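A.B. asks:
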Amino acid sequence: PRVGSQAQRRCAILEKFGGAAKGPAPHLRRSGSAAMVKMMLLEWCRTRTRGYAVSAGGEGQEGPVGGSRGGLTSMSVQHVDVQNFSGSWGSGLAFCALLHSFFPDAFDFTALEPNSRRENFALAFTTAEERVGCAPLLEVEDMVRLPVPDAKCVYTYVQELYRCLVAKGLVKTKKR
1 PRVGSQAQRR CAILEKFGGA AKGPAPHLRR SGSAAMVKMM LLEWCRTRTR
51 GYAVSAGGEG QEGPVGGSRG GLTSMSVQHV DVQNFSGSWG SGLAFCALLH
101 SFFPDAFDFT ALEPNSRREN FALAFTTAEE RVGCAPLLEV EDMVRLPVPD
151 AKCVYTYVQE LYRCLVAKGL VKTKKR
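In terms of UniProt numbering, the sequence shown opens at residue 1 and continues consecutively.
The following block contains the structure:
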C-alpha cells in the first residue's frame with residue numbers, strides 16, 4: 001500500500017529522534033479518536049498551568065495560583081492561558097509553567113519575563129530533559145524563529161513530555 005506524505009514525515013521525525021515520540025500514553029490511546037486524545041492532552045495542560053502568571057510590566061511579580069502580590073493590576077500581569085497547541089506556547093511561559101507545576105524547585109517562575117522567549121524555551125527544554133529525560137524534540141532556535149509555534153511540533157513535544165512524566169510516575173493514569 002502507498003504511504004501518504006504525512007505518514008512519511010512522521011516516520012522521518014521518529015527516525016530522526018530515535019522513535020522517542022511514540023504516541024500518547026497507553027491509557028489515552030485506548031480512549032478513542034486522535035482528536036479526543038488531543039483535547040484531553042490540551043485540558044491536562046490547562047489544568048496544570050491554571051493560575052500561573054508573571055509580571056508583564058516589571059513591577060511586582062506573581063507566581064502560580066493565589067492572589068496578586070506586590071499590588072499588580074490586571075494590566076501588568078500576563079497569565080499563562082493554554083487555549084491551543086500553537087499561539088498559547090509562543091512566549092515559552094506555558095512550557096515553563098507546565099514543568100514548574102511538577103518541579104517547583106527547578107527554577108523561580110516569578111523571575112521569568114514574557115518577552116524573553118529564547119531564555120524561557122531554553123529553561124523549559126533543559127528542565128524537561130534533565131528532570132524527566134524528555135527527548136529534545138524541539139530546538140530553541142526553531143521556536144523563536146516564528147512568532148507562533150507550529151501546533152504539530154508543540155503537540156508532539158507535549159505528548160512526549162506527558163509520556164516521560166507517566167514513565168517516571170509523576171502523572172497518575174487511570175487503570176483500565
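All C-beta atoms in this analysis are idealised placements derived from N, C-alpha and C, irrespective of residue type, glycine included. Small disclaimer: the values here were computed from a predicted structure and weren't measured.
From R145 to G90, what does the alpha carbon distance come to, in whole angstroms?
C.D. replies: Stepping through the sequence shown from its first residue, residue 145 is reached at position 145. Stepping through the sequence shown from its first residue, residue 90 is reached at position 90. Straight-line Cα distance between these residues: approximately 10 Å.
A.B. asks: Among the residues of its own chain, which have a CB less than 7 Å from the CB of A128, if the five just before and after it don't count?
C.D. replies: Indexing the sequence shown from 1 puts residue 128 at position 128. Here the set comprises L99, C134, L161.
A.B. asks: Taking just the CA atoms, how far does V132 sit from V166?
C.D. replies: Within the sequence shown, the letter at position 166 stands for residue 166. Within the sequence shown, the letter at position 132 stands for residue 132. Taking the straight line joining both Cα atoms gives about 10 Å.
A.B. asks: Out of S86, T47, L112, D150, which one is the CA nearest neighbour of V77?
C.D. replies: Here residue 77 corresponds to residue number 77 of the sequence shown, with the count starting at 1. Answer by Cα proximity: L112.
A.B. asks: In terms of residues, what are the limits of the beta strand (DSSP E) holding S55?
C.D. replies: Position 55 of the sequence shown, counted from the start, is the residue given in the question as residue 55. Per DSSP, S55 belongs to the beta strand (DSSP E) from 53 to 55.
A.B. asks: With a 10 Å radius around its C-beta and 16 neighbouring C-beta atoms as the bar for buried, classify S33 as buried or exposed.
C.D. replies: To locate residue 33, count along the sequence shown from 1; it is residue 33. Per the 10 Å Cβ criterion, exposed.
A.B. asks: Give the range of the alpha helix (DSSP H) segment to which Q159 is assigned.
C.D. replies: Locating residue 159 in the sequence shown gives position 159, counting from the first residue. Note, Q159: alpha helix (DSSP H), 151 to 167.
A.B. asks: Is the distance from the Cβ of S86 to the Cβ of A35 below 9 Å?
C.D. replies: Walking along the sequence shown from the start, residue 86 turns up at place 86. Walking along the sequence shown from the start, residue 35 turns up at place 35. The answer is no: Cβ separation not under 9 Å.
A.B. asks: Excluding sequence positions up to five away, which residues of its chain have a Cβ less than 6 Å from the Cβ of G66?
C.D. replies: To locate residue 66, count along the sequence shown from 1; it is residue 66. Any reading at G66 is ruled out, since the residue's pLDDT is 46, under 50, leaving its predicted position unreliable.
A.B. asks: Rounded to a whole number of angstroms, what is the C-alpha to C-alpha distance between V37 and Y155?
C.D. replies: One-based indexing of the sequence shown puts residue 37 at position 37. One-based indexing of the sequence shown puts residue 155 at position 155. C-alpha separation (whole angstroms): 11 Å.
A.B. asks: How big is the Cα-Cα spacing for T110 and C96?
C.D. replies: Here the question's residue 110 lines up with position 110 in the sequence shown. Here the question's residue 96 lines up with position 96 in the sequence shown. Rounded to whole angstroms, T110 to C96 spans 11 Å at the Cα level.
A.B. asks: Along the chain, where does the alpha helix (DSSP H) that runs through residue 230 open and close?
C.D. replies: Outside the displayed span of the chain (1 to 176) sits residue 230, for which this structure offers no information.
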